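Visitor: Got a structure for you, written out below as structure tokens; questions coming shortly.
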Amino acid sequence: MTGKRQSRRVETSAPTVGEGDAINFGTKVWPTKPPPPLKRPRHPPSFRPLQVYAFGPGLGRTPINIRTLLVRYEPLAPGPIGERIAVVDYDSTRNCFYDPVDLDDPLIAMNGGLDPSESDPRFHQQMVYAIANNTLHRIEVALGRTIRRRTLTEAKPLRVVIFPHAGVIAQSYVKENRMVFGYFQAGDAAAGRTVPGQTVFTCLVTDAVINQTANMIQTAMRPDLDGPDAAAGRGRDTTWLDNDAIVAAVCDLTSLLFHFGYREAVLDTIQRTAGVIYRSQLDVDSDSTRQAPRIIAELAAENPLLAMGQDFGEAVGQRAGLRSALASPDPRALEHANDPWSRGAIVVAAVFDALFSIYQRRTVDLFRIFRAGGGRLQGNDVPEPLANRLCAEVERIATRVFNMCWRALDYCPAGAIELGDFLRACITADFEYSGDDLWGLRDAMTQAFRLRGIKSSTASFFTEDALRWGVIDSSTLNSRGPADLSQDAVRAFVMSNAKSLGGLPKAQLKVYPIEQAQLTAPDDRPQTTYFTQVLWKAARGMTLVFDGHGFLKYAICSKGATR
Amino acid sequence: MAKARAKAKSKRKENVKSTKQTRASRKSGKETGNSLRIRMYRIGFGDFFLVSASSKDGPQHILIDCGVTRGKTGKGDIATLKTAVRHMTEETDHRLALIIVTHRHQDHIIGFSRCEDGFEKFQGRVDAIWMSYWETEYPQVQKFQDELENLALGLRAAALAGDRDAVSDELLGITENASGVSPEGPGGGTNRRSLELLKNRLGVKPQYYAAGDTPALPKGLVDAGFSARILGPPPATEFDFLKLMDLTQGVGQYLDASGSPSTTKTAILPFGPEFIVGPDAYPTTAFREWAPRVPGKPPDLKERYAQALEKAVKSSTPNALLMAARKLDGILNNQSLVVLFTWRGKQLLFAGDAQAGNWLYWLYDLEKPTKKPSEEQLGEEGRAILSSLAFYKMGHHGSTNATPIAAVGAMGQDFVTMCSTQEDTFGTVDNDSEVPRIPLMRALAKKSLVIRSDQYPARIGDKEIPAATTASTTREKPKVGKLEVHDFYVDYILEAE
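Protein chains in written order, with our numbering: chain A, 1 to 563; chain B, 1 to 497.
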């Protein structure tokens with residue numbers, strides 16, 4: 001049976017270009033001009049990758065020392081000059097400016113910033129900007145708010161100007177809104193990887209940049225803790241000794257805890273300490289049986305996670321970092337500590353004691369499982385999955401400790417405070433955020449502070465519930481909270497409840513602007529809290545904490561502040 | 001003409017009155033054998049004390065320090081030092097049983113070189129000179145002191161090079177006190193010349209003491225009923241030398257790079273010339289913090305305020321120098337010789353300018369001194385000394401860091417405290433740093449009668465120096481002994497029981 005077959009046109013040759021701008025494919029016409037650009041809105045990236053030294057130039061270009069930070073994106077002018085952080089490279093000793101880096105230059109941006117270099121000031125500018133920005137971001141996440149510079153009359157957005165090469169001076173410091181970094185020549189006593197006569201840039205010491213950023217943030221958010229005469233330098237009336245010690249401790253803790261957020265360094269340390277990351281020395285990389293090292297790989301190294309500012313310390317003749325995270329617990333050490341840095345170091349050691357105690361407790365089962373499966377840890381043989389697990393664990397613990405220490409600043413009394421007040425603030429801040437302490441971190445902190453002789457003169461016992469600040473009994477107040485969260489309303493509220501709040505002296509009250517913090521608790525519960533400080537003398541005042549409804553929850557005074 | 005004659009007559013009367021007073025006070029020393037007189041000269045911010053008692057060989061005088069400094073505000077020197085020294089030389093008839101130089105700050109020793117002519121007449125007529133261990137001629141100690149002085153001079157030069165503000169004024173005040181160099185001020189003299197006169201030109205070699213040493217009292221003073229103990233400074237340790245090394249290292253390089261004299265000699269060029277640019281390389285927003293602000297309007301960012309920025313950075317750096325200067329000041333203060341005299345059972349404590357480290361060494365039983373110990377930790381010996389004082393020469397002109405709180409708490413009652421000071425020389429009330437420190441004065445006033453040298457108006461010739469505004473106007477009498485107020489000195493007279 002045959003029917004008429006439908007014929008189908010088949011293309012047997014290539015399409016020909018006809019006149020005009022179309023290729024004739026028969027029934028289909030294809031344009032030869034590119035299509036016009038689509039009118040889509042351009043979304044900027046969330047982060048800008050920038051290379052920095054993880055520790056400092058002393059460790060060279062080893063894999064763990066070159067790090068790419070993901071810094072919050074913002075358009076930058078040459079400097080770099082951003083909305084909140086501006087880097088202006090003026091040298092007061094040489095009386096000159098140095099060439100500013102343009103991080104928005106496409107060639108620089110696509111490389112993740114300039115490559116690390118000690119001899120190029122533009123890399124130094126890039127590094128201080130990246131680290132300061134990153135530190136500020138991390139602290140704001142912990143506190144749940146944007147940092148503002150508070151005075152008794154106003155709270156303005158925090159703006160920082162950084163001078164990475166301000167002059168020949170062997171230190172870095174903060175003055176008002178300026179962060180000043182000096183440079184100097186290492187002396188004859190320079191040790192370690194620093195050569196005598198070498199120019200040392202404090203702006204390239206990562207810990208120094210983090211430390212000063214933390215210092216500036218503390219000064220901005222809690223100006224009452226600075227006390228009078230702070231602008232002329234510390235080393236003053238002993239009334240403020242512990243204030244200075246706590247500020248120094250939180251700065252050091254910030255620098256050291258940032259080490260634990262750097263995965264490559266933590267993994268390397270885990271490998272070189274067989275998971276015992278609180279060892280002060282790392283195993284050597286080579287298998288040499290010689291006693292005298294001949295190459296870098298045979299040099300025993302300090303544990304970089306525990307040493308702060310190693311380059312700086314070696315440059316000024318110390319054979320170690322400026323300060324260390326650990327020190328042997330000695331209950332009498334505090335009696336001999338006469339200056340803020342010594343006292344602050346004891347607080348740092350106590351916090352790290354707690355951190356490593358929890359780390360040990362939470363990882364002991366992992367090691368047991370590994371050994372039960374026939375594994376043996378010999379030298380550098382930590383298996384990768386185990387190393388990753390240990391790294392994740394210590395990062396989690398360090399994050400919680402970091403958040404606790406920074407949030408504790410909101411719960412410290414106003415004016416002159418003691419070291420024990422900081423412990424109480426840590427316990428309260430962590431309780432308010434986490435509730436149940438399944439890890440036992442708060443207990444570990446309490447014991448670590450106790451071992452070092454840091455007591456609270458305002459707590460009756462050394463237990464967690466006694467150390468937590470007492471919640472206000474609202475039935476004793478005229479109203480549960482002020483009419484609104486303005487300074488005048490808070491002042492009126494405090495004066496009308498003076499007796500219930502512990503008997504405030506009759507004096508003019510100074511109220512700082514109120515800060516609002518918004519966090520999400522581990523159980524996904526949103527938390528809104530309001531903080532402020534009220535002073536009646538430079539050294540005497542109270543911190544007020546209001547809950548999300550504006551009701552007073554805590555009125556925290558230091559010893560002797562009220563009658 | 002008649003007016004001029006009347007004025008001259010009045011002046012002659014005043015001089016006669018002053019001379020009579022001088023003779024009377026000299027008489028009181030000779031005739032009253034059982035009394036001790038402690039004289040505090042009013043010279044401003046400095047110490048100038050004369051302790052006198054009788055012995056069978058005549059009156060015995062102890063001179064404790066002779067100096068003054070202008071300080072941060074320039075108001076510390078009230079230009080009475082030369083007159084006071086002249087008065088002292090007449091009073092003592094150019095004879096001293098003992099000179100004590102507590103430490104080498106300008107406000108304790110400048111008088112020796114400023115009034116060199118007067119002191120040279122004491123040559124051969126001084127029985128003993130006591131100084132702190134830190135003035136010995138041991139090479140290591142001398143090198144230490146020379147480096148301190150060089151550091152002070154370098155800091156001073158750096159402060160003079162910058163703009164004058166509150167910080168540089170304080171820096172200058174501290175470094176002038178440390179080095180004794182003050183070309184702008186009145187009088188002249190230097191610390192170095194004062195030390196040279198004391199060590200070489202009075203005809204007696206000084207004795208150098210530290211805490212625990214047994215001092216050799218001249219026979220005349222022993223006969224007058226004195227005994228003495230050295231309570232400070234603490235013996236020198238290598239830590240003191242390390243502290244100085246840290247200080248020199250931190251400051252010296254800055255001084256060198258900025259052209260000031262220092263011990264380091266290497267110039268630092270951090271970057272190549274290809275990186276050096278002008279402020280035009282920066283956008284105007286880089287200078288936004290220094291843009292003039294008009295309320296209600298955004299800042300004007302059309303210009304680059306480079307000069308204001310440069311000034312801000314330069315003004316940041318002297319703070320580091322100020323911290324170094326304060327450390328240097330503390331090191332020198334803690335070298336103070338602290339002497340406890342006992343006269344016929346009465347204890348007299350002269351603390352120089354000793355600060356915490358010096359005090360705490362002898363006050364507490366702990367192995368190392370502590371910064372803020374409770375009163376319960378005071379040693380038995382320290383407590384015994386403080387609770388039985390008859391007289392306390394307040395440390396460091398009444399500053400807060402020189403009389404520990406715990407020491408005040410342990411002091412007894414009904415004694416007399418003398419504080420040679422001048423208000424508004426260092427510190428301010430606004431930032432709780434005033435000298436003398438008012439809360440400290442109040443605390444001591446609860447235990448003793450506090451006499452400030454500046455609480456009375458002073459008069460020298462036609463010149464009248466008003467009393468301090470922060471001093472109490474209540475004129476109490478001491479519970480034990482008596483007080484005599486003269487034109488430019490105050491006497492506290494104790495009788496033996």
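Note that beta-carbon positions come from the ideal geometry of N, C-alpha and C, so glycine has one too.
Remember, predicted model here, so these are calculated numbers, not experimental data.
For residue 208 of chain A versus residue 150 of chain A, is the C-beta distance shorter than 8 Å?
Guide: For the purposes of this step, residue 208 of chain A is taken as the residue at position 208 of the first sequence. For the purposes of this step, residue 150 of chain A is taken as the residue at position 150 of the first sequence. Cβ atoms of residue 208 of chain A and residue 150 of chain A: not closer than 8 Å.
Visitor: Along the chain, where does the alpha helix (DSSP H) containing residue 406 of chain A start, and where does it finish?
Guide: The residue given as residue 406 of chain A occupies position 406 in the first sequence. Residues 384 to 408.
Visitor: Run through chain A and tell me which residues come within less than 7 Å of residue 331 of chain B, C-beta to C-beta.
Guide: Counting from one through the second sequence, the residue named residue 331 of chain B turns up at place 331. In chain order: nothing, as chain A lies at least about 12 Å away.
Visitor: Out of B:408, B:483, B:47, which one is the CA nearest neighbour of residue 80 of chain B?
Guide: Position 80 of the second sequence holds residue 80 of chain B. Selected option, being the one with the closest Cα: B:47.
Visitor: Using a Cβ cut-off of 7 Å, pull out every chain A residue sitting near residue 171 of chain B, in sequence order please.
Guide: In the second sequence, residue 171 of chain B corresponds to position 171, counting from 1. Within chain A, no residue comes near residue 171 of chain B; the closest Cβ sits about 10 Å away, beyond 7 Å.
Visitor: Going residue by residue through the region 151 to 185 of chain A, where are the continuous beta strand (DSSP E) segments of at least 3 residues, counting only ones entirely within it?
Guide: Here the runs fully enclosed are 155 to 157, 160 to 168, 172 to 175, 178 to 185.
Visitor: Interface residues of chain A around residue 270 of chain B at Cβ under 7 Å?
Guide: By 1-based counting over the second sequence, the position of residue 270 of chain B is 270. Chain A residues near residue 270 of chain B: 165, 183, 199.
Visitor: Going by C-alpha distance, which of B:111, B:35, B:142 is nearest residue 45 of chain B?
Guide: Walking along the second sequence from the start, residue 45 of chain B turns up at place 45. Selected option, being the one with the closest Cα: B:111.
Visitor: Is residue 222 of chain A near the ligand SAM, in the sense that its beta carbon is under 7 Å from a heavy atom of that ligand?
Guide: This structure simply doesn't include the ligand SAM, nor any ligand for that matter.
Visitor: If you measure from the beta carbon of residue 148 of chain B to each beta carbon in chain A, is any gap under 8 Å?
Guide: In the second sequence, residue 148 of chain B corresponds to position 148, counting from 1. No, its Cβ sits nowhere closer than 8 Å to a Cβ of chain A.
Visitor: With a threshold of 16 other CB atoms inside 10 Å of the CB of residue 87 of chain B, please say whether the residue is buried or exposed.
Guide: As a working note, residue 87 of chain B is residue 87 in the second sequence. Flag for residue 87 of chain B reads buried.
Visitor: Among B:188, B:448, B:152, B:337, which residue has its Cα nearest to the Cα of residue 207 of chain B?
Guide: Taking the second sequence and counting its residues from 1, the one referred to as residue 207 of chain B is at position 207. Residue B:337 is the option with its Cα nearest to residue 207 of chain B.
Visitor: Taking C-beta pairs closer than 7 Å, name the residues in chain B that residue 88 of chain A reaches, listed in chain order.
Guide: Position 88 of the first sequence, counting from 1, holds the residue named residue 88 of chain A. Correct list: 282, 286, 309.
Visitor: Find the residues of chain A that neighbour residue 314 of chain B, judging by a C-beta separation of less than 7 Å, and give them in chain order.
Guide: Walking along the second sequence from the start, residue 314 of chain B turns up at place 314. Neighbours of residue 314 of chain B on chain A, chain order: 92.
Visitor: Could you check where the alpha helix (DSSP H) with residue 441 of chain A kicks off and where it finishes?
Guide: The sequence position of residue 441 of chain A within the first sequence is 441, counting from 1. First-last of the alpha helix (DSSP H) with residue 441 of chain A: 441 to 451.
Visitor: Any contact of the region 62 to 79 of chain B with the region 440 to 450 of chain B, i.e. 3+ C-beta pairs under 8 Å?
Guide: Touching, no.
Visitor: If you draw a straight line from the alpha carbon of residue 216 of chain A to that of residue 130 of chain A, how long is it in whole angstroms?
Guide: Indexing the first sequence from 1 puts residue 216 of chain A at position 216. Indexing the first sequence from 1 puts residue 130 of chain A at position 130. Their Cα atoms are separated by approximately 16 Å.
Visitor: Tell me whether residue 334 of chain B is buried or exposed, calling it buried when 16 or more other Cβ atoms sit within 10 Å of its Cβ.
Guide: Locating residue 334 of chain B in the second sequence gives position 334, where the first residue counts as 1. So residue 334 of chain B counts as buried.
Visitor: Output the residue ranges of the beta strand (DSSP E) runs that lie fully inside the region 80 to 128 of chain A and measure 3 residues or longer, sorted by chain position.
Guide: The qualifying runs are 85 to 87, 96 to 98.
Visitor: Can you name the start and end residues of the beta strand (DSSP E) that residue 458 of chain B belongs to?
Guide: What you label residue 458 of chain B is simply residue 458 of the second sequence in a count that begins at 1. Counting along the chain, the beta strand (DSSP E) containing residue 458 of chain B begins and ends at 458 to 460.
Visitor: Does any residue of chain B have a CB that is nearer than 8 Å to the CB of residue 235 of chain A?
Guide: Locating residue 235 of chain A in the first sequence gives position 235, where the first residue counts as 1. Confidence at residue 235 of chain A is low in this model, with a pLDDT of 42, below 50, so its placement is unreliable and the value that follows should be read with caution. With 8 Å as the cut-off, residue 235 of chain A counts as an interface residue toward chain B.
Visitor: Applying the 10 Å Cβ sphere with the 16-neighbour rule, what's the burial state of residue 463 of chain B?
Guide: Numbered from its first residue, the second sequence carries residue 463 of chain B at position 463. That one is exposed.
Visitor: Between the alpha carbons of residue 272 of chain B and residue 58 of chain A, how many angstroms are there, rounded?
Guide: Stepping through the second sequence from its first residue, residue 272 of chain B is reached at position 272. Stepping through the first sequence from its first residue, residue 58 of chain A is reached at position 58. Rounded to the nearest angstrom, the two C-alpha atoms are 21 Å apart.
Visitor: Determine the closest residue to residue 226 of chain B out of B:459, B:492, B:274, B:37, with distance taken between C-alpha atoms.
Guide: The residue you call residue 226 of chain B lines up with position 226 of the second sequence. When only C-alpha atoms are compared, the closest one is B:37.
Visitor: Report the neighbours of residue 73 of chain A on chain B: residues whose CB is nearer than 9 Å to its CB, in chain order.
Guide: By 1-based counting over the first sequence, the position of residue 73 of chain A is 73. Near residue 73 of chain A there are no residues of chain B at all, since even the closest Cβ is about 18 Å away, more than 9 Å.
Visitor: Against chain B, does residue 99 of chain A count as a neighbour if the rule is that its beta carbon must be under 8 Å from one of theirs?
Guide: Here residue 99 of chain A is taken as the residue at index 99 of the first sequence, counted from 1. Chain B contact via Cβ: present.
Visitor: Where does residue 495 of chain A land, buried or exposed, given buried means 16+ other C-beta within 10 angstroms?
Guide: For the purposes of this step, residue 495 of chain A is taken as the residue at position 495 of the first sequence. Exposed is the call here.
Visitor: Output the distance between the C-alpha atoms of residue 441 of chain B and residue 450 of chain B, rounded to the nearest integer angstrom.
Guide: One-based indexing of the second sequence puts residue 441 of chain B at position 441. One-based indexing of the second sequence puts residue 450 of chain B at position 450. When rounded, the distance between both Cα atoms is 7 Å.
Visitor: Answer yes or no: does any C-beta atom of chain A fall closer than 8 Å to that of residue 67 of chain B?
Guide: Locating residue 67 of chain B in the second sequence gives position 67, counting from the first residue. Residue 67 of chain B does not count as touching chain A.
Visitor: In the DSSP output, what is residue 131 of chain B paired with across the bridge?
Guide: For this step, residue 131 of chain B is matched to residue 131 along the second sequence. In the DSSP output, where bridge partners are listed per residue, residue 131 of chain B has B:101, B:208.
Visitor: Got a sec: is the Cβ-Cβ distance from residue 279 of chain B to anything in chain A below 8 Å?
Guide: Position 279 of the second sequence, counted from the first residue, corresponds to residue 279 of chain B. It does: the Cβ of residue 279 of chain B has a partner Cβ on chain A nearer than 8 Å.
Visitor: I'd like to know whether the C-beta of residue 498 of chain B is nearer than 8 Å to at least one C-beta of chain A.
Guide: As displayed, chain B neither begins before 1 nor continues past 497, which places residue 498 of chain B out of reach and without an answer.
Visitor: Which value, in whole angstroms, describes the spacing of the CA atoms of residue 551 of chain A and residue 480 of chain A?
Guide: On the first sequence, residue 551 of chain A is found 551 positions in, with the first residue counted as 1. On the first sequence, residue 480 of chain A is found 480 positions in, with the first residue counted as 1. Cα-Cα distance, rounded: 5 Å.
Visitor: What does DSSP give as the partner residue(s) for residue 544 of chain A in the beta ladder?
Guide: Position 544 of the first sequence, counting from 1, holds the residue named residue 544 of chain A. In the DSSP output, where bridge partners are listed per residue, residue 544 of chain A has A:532, A:555.
Visitor: So, does the region 358 to 366 of chain A touch the region 461 to 473 of chain A, judging by three or more C-beta pairs under 8 Å?
Guide: Judged by Cβ distances under 8 Å, the region 358 to 366 of chain A makes no contact with the region 461 to 473 of chain A, as fewer than three pairs qualify.
Visitor: For chain B, is any of its Cβ atoms less than 8 Å away from the one on residue 559 of chain A?
Guide: The sequence position of residue 559 of chain A within the first sequence is 559, counting from 1. Not one chain B Cβ lies under 8 Å of residue 559 of chain A.
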